[in-house]
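Colleague:
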Amino acid sequence: MEQRAYQVRIAGSDVVPDTLTARLHEPLSAGAVMHIVPRLAGAKSGWAGVLLGAALIGASLIPGLNALAATVLFSSGTSMALGGVAQMLAPQAKSPAMHSAD
């Protein structure tokens with residue numbers, strides 16, 4: 217498992233990785249909630265999606281290919297290429313810094 221792939225919130229406050237062990241063993245008040253959620257991380261750029269999508273679109277144009285297979289390849293390639301372009305155009309989300317709000 218990748219380091220710092222999860223974020224922990226106990227009773228509404230973020231837990232710093234250095235104090236995680238101590239905070240997990242402290243007693244919780246009634247109704248307190250602990251959340252362990254994965255951090256979102258995407259690819260660095262969308263070029264792989266664009267290139268793979270273009271390859272699938274090109275493969276759909278092979279003569280003699282079954283019409284259903286050509287349609288699936290073209291649709292998948294278009295989706296991947298447009299997803300790659302969207303990923304390149306959208307700004308990269310910054311994850312908030314973990315800090316304890318005691």
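The sequence shown: position 26 = 242 (the working numbering), numbered continuously. Note that CB positions come from ideal geometry on N, CA and C, so glycine has one too. If you're wondering where the values come from, they're calculated on a predicted model, not measured in any experiment.
#1: Excluding the 5 residues preceding and the 5 following SER295 in the sequence, name in chain order all residues of the same chain whose CB lies nearer than 6 Å to its CB.
#2: Would you mind sorting GLY293 into buried or exposed? The rule is 16 or more other CB atoms within 10 Å of its CB.
#3: Output the distance between the C-alpha atoms of VAL249 and ALA227, rounded to the nearest integer angstrom.
#4: Can you give me the start and stop residues for the beta strand (DSSP E) that ARG225 sits inside?
#5: For ALA271 and ARG255, I'd like the C-alpha separation in whole angstroms.
#6: Please say whether LEU236 and VAL253 have beta carbons closer to each other than 8 Å?
#7: With distance defined between alpha-carbon atoms, name the residue in PRO243, SER261 and LEU244 nearest to GLY300.
Modeller: Once the coordinates are examined:
#1: none
#2: buried
#3: 5 Å
#4: 222-226
#5: 31 Å
#6: no
#7: SER261
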